[in-house]
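Chains as they are written, first to last, in this note's numbering: chain A, 1 to 533; chain B, 534 to 735.
Glycine is no exception: its CB is placed at the ideal position from the N, C-alpha and C atoms.
Predicted, not measured: the structure shown is a model, and the values here were computed from it.
Report on the following structure.
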């Protein structure tokens, strides 16, 4: 319980609803001078920077004989029927670690390469005592600033491509394509990567037609990413995306230990598809190179499934492959309304982006990129999707029998509570959704389904339950969230912290989602509200 | 997004100070403006109401160090914090390279901070961006006032995304924390544009 000083909230009460003056009313509370508020009610609100309690929760603490009107009347005279609690009192009574955060601070190590760009010229006259931090910054700047400003600039060789013509004075180009902005990203000589200019020039010398990837000479299942050069071109909004993959001239390739030790493989007349399959890891590695350093793509076979896995260093590669294999059947599942093009799964121990590079049941490999919890995934997802060659899925249904017949009647429909119905009406990003609630008879797991009209809830509830169970056996840890992309359509499964050992899943979508940020906010809100019940 | 003038070898970055009304966004720019040498700053443009509330935006162009032969310029903007000026905020965010989220540390302003941060993310989404992608820092302002929330709670409230960002305590009217904030977000922008690994500092 959290104890709130009555005097801090007394002003919100309608004085004429009580027979006693407010100061005496406080002394006659269940705990004189204080209101007691269950802590569990405050948790979700603290995340919003507020703490309120419904009158109905605390009404019993007031002496009934002192109240002249009904509880409903008092509630009606309070904003939203609730008392606003002094947040400072609430915070003070919570344990010290109540707000401990486990997510990592964003990695800003790269900024040390740049001195602080700004320093105050002199302490402003109005400042009687200059701010110490600013002064410290100023001192450090005096030394560092000129190092960079006057550092010998690299020779800006004009690339052998056309440069944007001189333009008039002011705002000129909005993030010009790579070719135009080449001088900007050209590395100083000390940087280990080859200047982009050189790479660009090399590319320009290549034939226009993209060469077919050669058969992979490597028999090892590990292929180092640096084998290919990748050209990254910024899109309009500034997010770099791998535009295309080209083979760099042989002399410019970085060392590839395994590949270079092997002799050039003889040109065998292997079927085209087999050659492409062998080249796949390298192509994927090249695409992913911009986002992961020291990248290694491992090709592993698990039963009939080929997994191309990429794992950030914190994660065990074997565990990533095993997790991918456990989850793979769910990407090729008959219960889904459309073929899955990508799934992003977040568990307590890590996150994985699974992208089928074709129809899995037809032996297409599965790309699995795993990162530590909290790592940003949006760009990774986009790059991984790029790894799927155009038309690889082509909307084809798999012949897989995964999930077939796994739809018993152990999930029973229950009445949709009013708060769930209200929640369903509040979804906007997913379009219109139909709320359904199903409960597992054996485990008491509750599935809150908010699905696009026309989608059957029961098979997808079974699907979500199977996903949850798969994650419990996975190295990624218990399920936190699952986002399944089916072309433009999305299906989201979220674990709901229902408290007291109860388990619940939220399953939403199934149709197109065009406002992803809003969708995420709505899901967060829904999970919070369902969990608070 | 950065604007590049190859002819003059200048690259412009847009940094927007975002946050609820009266959090101290304009105070940040004013302190920067009065503290920088004339050679490094242009005129500060403010469109404010009679009670000094920003009605449209503040704008302060400042120039910084040269990188790879390009002069870097930062265009510092604020947005009006009041809820009903959302369209203006959205316009100001267009093409933004980085954001400073100025939060009011006082307990009674915390819900507005949360709302404003959500509003920022929603508005970024309209430009196919998000707080998970754009460089930003948080400044907890007004640390000299009584009745301010402790930093760990502010962090829990405003900086608990999967990717936590650098934060600064500040008293903007006195200049405390103002340049720390500006320099860090500027360096994040520079690292994203010029640094090894492209957007690695994000």
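Taken through DSSP and simplified to helix, strand or coil, residue 325 of chain A comes out as helix.
For the stretch 631-653 of chain B, the set of residues with a beta-carbon nearer than 9 Å to any beta-carbon of chain A comprises 640, 641, 642, 643, 644, 645, 646, 647, 648 and 651, in chain order. Contacts with chain B (Cβ-Cβ distance below 9 Å) from the stretch 27-61 of chain A involve 46, 47, 48, 49 and 50, listed in chain order. Distances from the CA of residue 659 of chain B to each of B/642, B/686, B/629 and B/722 were compared; the closest alpha carbon is that of B/629. Contacts with chain A at 8 Å (Cβ-Cβ) do not include residue 592 of chain B.
Residue environment for residue 30 of chain A: exposed (fewer than 16 other C-beta atoms within 10 angstroms of its C-beta). If you check the CB distance, residue 724 of chain B and residue 673 of chain B do not come in under 8 Å. Within 9 Å of the CB of residue 680 of chain B, the CB atoms of chain A belong to 88, in sequence order along the chain. Rounded to whole angstroms, the Cβ separation of residue 367 of chain A and residue 357 of chain A is 6 Å, and the two are in contact under 8 Å. Each of B/603, B/577, B/555 and B/622 was checked against the Cα of residue 540 of chain B, and the nearest Cα belongs to B/603. Residue 342 of chain A counts as buried, since at least 16 other C-beta atoms from the protein chains shown sit within 10 angstroms of its C-beta. Your pair residue 657 of chain B and residue 671 of chain B does not check out as a contact, with CB atoms roughly 15 Å apart and the cut at 8 Å. One Cα belongs to residue 633 of chain B, the other to residue 441 of chain A, and the distance between them is close to 50 Å. Counting of Cβ neighbours within 10 angstroms places residue 494 of chain A among the buried residues, the total reaching 16 or more. Cβ atoms of residue 305 of chain A and residue 360 of chain A come within 8 Å of each other, at about 7 Å. At a cut-off of 8 Å between beta carbons, residue 716 of chain B contacts chain A.
Here DSSP, grouped into helix, strand and coil, assigns residue 558 of chain B to helix. When Cβ pairs closer than 8 Å are counted between the two stretches, the stretch 686-697 of chain B is seen to touch the stretch 91-100 of chain A, the count reaching three or more. Relative to residue 47 of chain A, the option among B/676, B/643 and B/703 whose CA is nearest is B/643. For residue 675 of chain B, the three-state secondary structure derived from DSSP is coil. For the beta strand (DSSP E) assignment, the uninterrupted runs of no fewer than 3 residues enclosed by the stretch 298-376 of chain A are, from N- to C-terminal side, 305-311, 342-347, 351-356 and 366-371. For residue 119 of chain A, the closest C-alpha among the options B/677, B/551 and B/595 is that of B/595. If you draw a 10 Å sphere on the C-beta of residue 433 of chain A, you find 16 or more other C-beta atoms in it, and that means buried. Check the Cα spacing between residue 25 of chain A and each of A/68, A/468, A/456 and A/522: the tightest is with A/68.
Here residue 14 of chain A carries a coil assignment [DSSP, helix/strand/coil]. Using a C-beta cut-off of 8 Å, the stretch 505-521 of chain A makes contact with the stretch 482-497 of chain A, since at least three inter-stretch Cβ pairs fall below that distance.
With respect to residue 307 of chain A, residue 325 of chain A sits close: the two C-beta atoms are nearer than 8 Å. Looking at B/655, B/601, B/610 and B/605, the one whose alpha-carbon comes closest to that of residue 619 of chain B is B/655. Of the residues assessed, residue 721 of chain B falls on the buried side of the cut-off, its CB having 16 or more other CB atoms within 10 angstroms. The Cβ atoms of residue 369 of chain A and residue 321 of chain A lie no closer than 8 Å to each other.
Under a 10 Å Cβ-count criterion, residue 613 of chain B is classified as buried, with 16 or more other Cβ atoms of the shown protein chains found around its own Cβ. Neighbours of residue 721 of chain B across chain A, judged by C-beta separation under 7 Å: 108 and 111.
In terms of Cα proximity to residue 526 of chain A, the closest of A/471, A/421, A/353 and A/478 is A/421.
At a beta-carbon threshold of 7 Å, the residues of chain A lying near residue 685 of chain B are 99, ordered along the chain. Among the residues facing chain B, residue 121 of chain A is included, as its CB has a counterpart in that chain under 8 Å away. Linking residue 521 of chain A to residue 712 of chain B through their CA atoms gives a straight-line distance of about 32 Å.
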